[in-house]
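With the numbering used here, letter number 178 in the sequence shown gets 1248, and the count goes up by one each step, no holes.
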Amino acid sequence: MPEKGSLGWSIPDTSDWASLPDRIAAYRAGYLAEDRRLLEKALRAGTIMGLATTNALELGVDVSGLDAVLIAGWPGTRASLWQQAGRAGRDGRDALAVLIARDDPLDTYLVHHPDALFGQPVEAIVLDPDNPYVLGPHLCAAAAEIPLAEDDLPVFGDTTPAVLEDLVAQGLLRKRPAGWFWTRRERATDLADIRGGGGAPIQVVESSTGRLLGSVDEPSAHTAVHTGAVYLHQGETFLVEVLDLEAGVALVCSASPDYTTFARDITDISILGTQRSHALGPGTLHFGEVEVTRQVVSYLKRRLQSGEMLGDEPLDLPPRTLRTRAVWWTLPASAVAPLAEAGIDLGGAAHAAEHASIGLLPLFATCDRWDIGGVSTELHADTGLLTVFVYDGHEGGAGFAERGYARATDWLTATREAITSCECDRGCPSCIQSPKCGNGNEPLDKRGAIHLLDTLLTQQ
Ligand SMILES: [Zn+2]
Ligand SMILES: [Zn+2]
1071 MPEKGSLGWS IPDTSDWASL PDRIAAYRAG YLAEDRRLLE KALRAGTIMG LATTNALELG
1131 VDVSGLDAVL IAGWPGTRAS LWQQAGRAGR DGRDALAVLI ARDDPLDTYL VHHPDALFGQ
1191 PVEAIVLDPD NPYVLGPHLC AAAAEIPLAE DDLPVFGDTT PAVLEDLVAQ GLLRKRPAGW
1251 FWTRRERATD LADIRGGGGA PIQVVESSTG RLLGSVDEPS AHTAVHTGAV YLHQGETFLV
1311 EVLDLEAGVA LVCSASPDYT TFARDITDIS ILGTQRSHAL GPGTLHFGEV EVTRQVVSYL
1371 KRRLQSGEML GDEPLDLPPR TLRTRAVWWT LPASAVAPLA EAGIDLGGAA HAAEHASIGL
1431 LPLFATCDRW DIGGVSTELH ADTGLLTVFV YDGHEGGAGF AERGYARATD WLTATREAIT
1491 SCECDRGCPS CIQSPKCGNG NEPLDKRGAI HLLDTLLTQQ
């Protein structure tokens, strides 16, 4: 960053302007490690003046002393917000950190309730240590350091014996009289992905040169680098020629299409077991285990400038199933019938309430809206009722839905407030529309969502 005495941008003289595009760059976790180190170095040296980055720059990277940090949208937690803002400032000089509210229900809520941000402690980390998908890799890593003894087990929680048995059956650990031993040559720590990224990443390769551009985590590959997708890399545009999931590669070629692509998926959810339930207004709130099946079925092409729809191209991708935990609420027919009679589209109302509640859950659970998903339906096969589900997007669950269950009244009240305080007429990205909706934000009924939440939150 350019040197200067006080706060404010130093405007380069105009003869310099032509060089400016080369002095800004993009940064994300999927870039090659050596490319990332070069970018960090250039930022520190001041050869790069501005870096557009994901939260990849938030942790574990030595960058500080920036003049200004512009945070595009609520980063999900107060801990992240202060961490990101802290990249600005050096030597007791003034610095600038700006939070730019996004079109998102949570950002809308925070703009109206800054007290939820300032003067609040950094939130407790939500994690579910009993989740076998979390615990298993950690037990392996512990055993690789020092074989696990019987006495160690209580430290890891009640589910440890069952998870150990499973790890032995998988051949990852071996049980001997002295304890449990790590059996593999590779490092056990490679099993544990602390950021919860999922399976092996897909490599993005330029087909004409063999150049490796970066990687995309496996769960995101279906939506981000499916065959035909437009893929951006450092300001360059590529088209995905083919996504080969088995080979773990997406082949791309340089292109300049006049459209963007947006993957559409269908999601099914079935209830495997209910662990807890209680009455909520005339309805019922549940927490339990679910199986979510998602399949990316097609992608939309939209013209760059106008957003005009250019077509819906089918895709042939396998469904992905996720066994996880969810919080869900139901309303009996007697409670929703009056709403239907008043002309409310129940499906659209439930869908809108689902989107907004996903948007607000990060306020109560330490997560990002991309860590959770939802399904809503006027009539669900397992409940026989109008049902709205919000589920953890991580295998085995991550504790977010459970937090939502514990704080449901506050959570759903904040959801209702975020919808009512939005100035739009029929719903917008700041309240009920979702950037990740697999249904293209159809149908949605804003007024209906408020009535539905009012009904649910009525004291009985
Ligand atoms: Zn709105
Ligand atoms: Zn949706």
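For every residue, glycine included, the Cβ atom is placed at its ideal position computed from N, Cα and C.
- [ ] Answer yes or no: do residue 1118 and residue 1095 have a C-beta to C-beta separation smaller than 8 Å?
- [x] yes
- [ ] Any chance you could list the residues with Cβ under 5 Å from a heavy atom of ligand 1, keeping chain order?
- [x] 1492, 1494, 1498, 1500, 1501
Open item on the list: Under 7 Å: does the beta carbon of residue 1437 sit that close to some heavy atom of ligand 2?
Closed with: no
TODO: Would you check if there are 3 or more beta carbon pairs closer than 8 Å linking the segment 1400 to 1414 to the segment 1344 to 1359?
DONE: yes
Open item on the list: I want to check one thing, is the minimum distance from the CB of residue 1425 to the heavy atoms of ligand 2 below 7 Å?
Closed with: yes
- [ ] Would you check if the distance between the CB atom of residue 1037 and the CB atom of residue 1148 is smaller than 8 Å?
- [x] With the chain running from 1071 to 1530 in the structure shown, residue 1037 is simply not present.
Task: Assigned exposure category for residue 1336 - 16 Cβ within 10 Å defines buried - done: exposed
TODO: For residue 1072, count neighbouring C-beta atoms within 10 Å of its own C-beta (all shown protein chains included) and say buried if the count is 16 or more, exposed if not.
DONE: Confidence in residue 1072 is poor, its pLDDT being 31 and thus under 50, which makes the residue's placement too unreliable to answer from.
- [ ] Within the segment 1225 to 1274, note down every full beta strand (DSSP E) run reaching 3 residues or more, in order along the chain.
- [x] 1243 to 1246, 1249 to 1252
Task: Inter-residue CB distance, residue 1394 and residue 1462 (contact presumed, cutoff 8 Å) - done: 5 Å
Open item on the list: If we define contact as Cβ-Cβ less than 8 Å, is residue 1117 a contact residue for chain B?
Closed with: Of the protein chains in the structure, only one exists, and it is not chain B.
Task: Reference residue 1377, options 1284, 1358, 1332, 1386, closest by Cα - done: 1332
Task: Three-state secondary structure assigned by DSSP to residue 1525 - done: helix
Task: Three CB pairs or more closer than 8 Å across the segment 1421 to 1436 and the segment 1498 to 1514 - done: yes
Task: Check whether residue 1209 and residue 1237 have beta carbons under 8 Å apart - done: yes
Task: Member of 1183, 1134, 1246 whose CA lies at the smallest distance from the CA of residue 1213 - done: 1246
Open item on the list: On the DSSP letters alone, give me the boundaries of the beta strand (DSSP E) that residue 1277 sits inside.
Closed with: Careful: residue 1277 lies outside any beta strand (DSSP E) and carries neither H nor E.
Open item on the list: So, at 8 Å on beta carbons, what are the nonlocal neighbours of residue 1144 in its own chain, with the 5 sequence-adjacent residues on each side left out?
Closed with: 1151, 1169, 1171, 1172, 1174, 1176, 1177, 1180, 1432
TODO: Kindly indicate which three-state DSSP category residue 1346 falls into: helix, strand or coil?
DONE: strand
TODO: Out of 1226, 1218, 1496, 1225, point me to the one whose CA is closest to residue 1244's CA.
DONE: 1218
- [ ] Report buried or exposed for residue 1124, applying the criterion of at least 16 other Cβ atoms within 10 angstroms of its Cβ.
- [x] exposed
TODO: Using 10 angstroms around the beta-carbon of residue 1532, count the other beta-carbons present and answer buried if the total reaches 16, otherwise exposed.
DONE: Nothing about residue 1532 can be reported from this structure: the residues present for the chain run from 1071 to 1530 only.
- [ ] Find out if the Cβ-Cβ distance for the pair residue 1362, residue 1249 is shorter than 8 Å.
- [x] no
Task: Alpha carbon of residue 1417 to alpha carbon of residue 1522, nearest angstrom - done: 11 Å
- [ ] From the DSSP output, read off the bridge partner residues of residue 1323.
- [x] 1309
TODO: May I ask whether a heavy atom of ligand 2 can be found less than 7 Å away from the beta carbon of residue 1368?
DONE: no
Task: For residue 1479, the first and last residue of its enclosing alpha helix (DSSP H) - done: 1478 to 1491
- [ ] Please work out which residues of its chain come closer than 6 Å, Cβ to Cβ, to residue 1120, disregarding the five sequence neighbours upstream and downstream, and give them in chain order.
- [x] 1094
Open item on the list: Using a Cβ-Cβ cutoff of less than 7 Å, which residues in the same chain neighbour residue 1187 once the five nearest sequence positions on both sides are dropped?
Closed with: 1148, 1180
Open item on the list: Three Cβ pairs or more, each shorter than 8 Å: is that satisfied between the segment 1274 to 1288 and the segment 1311 to 1325?
Closed with: yes
- [ ] Look at the alpha carbon of residue 1301 and the alpha carbon of residue 1308, and state the distance between them as a whole number of angstroms.
- [x] 5 Å
Open item on the list: My output table needs one value for residue 1188: the three-state DSSP class, helix, strand or coil.
Closed with: coil
- [ ] In the DSSP assignment, find the unbroken alpha helix (DSSP H) run with residue 1293 in it and report its ends.
- [x] 1288 to 1294
Task: Cα-Cα separation between residue 1162 and residue 1156, rounded to whole angstroms - done: 12 Å
- [ ] Could you check the C-alpha separation between residue 1298 and residue 1285 for me, to the nearest Å?
- [x] 17 Å
- [ ] Determine, using beta carbons only, whether residue 1396 and residue 1459 come nearer to each other than 8 Å.
- [x] yes
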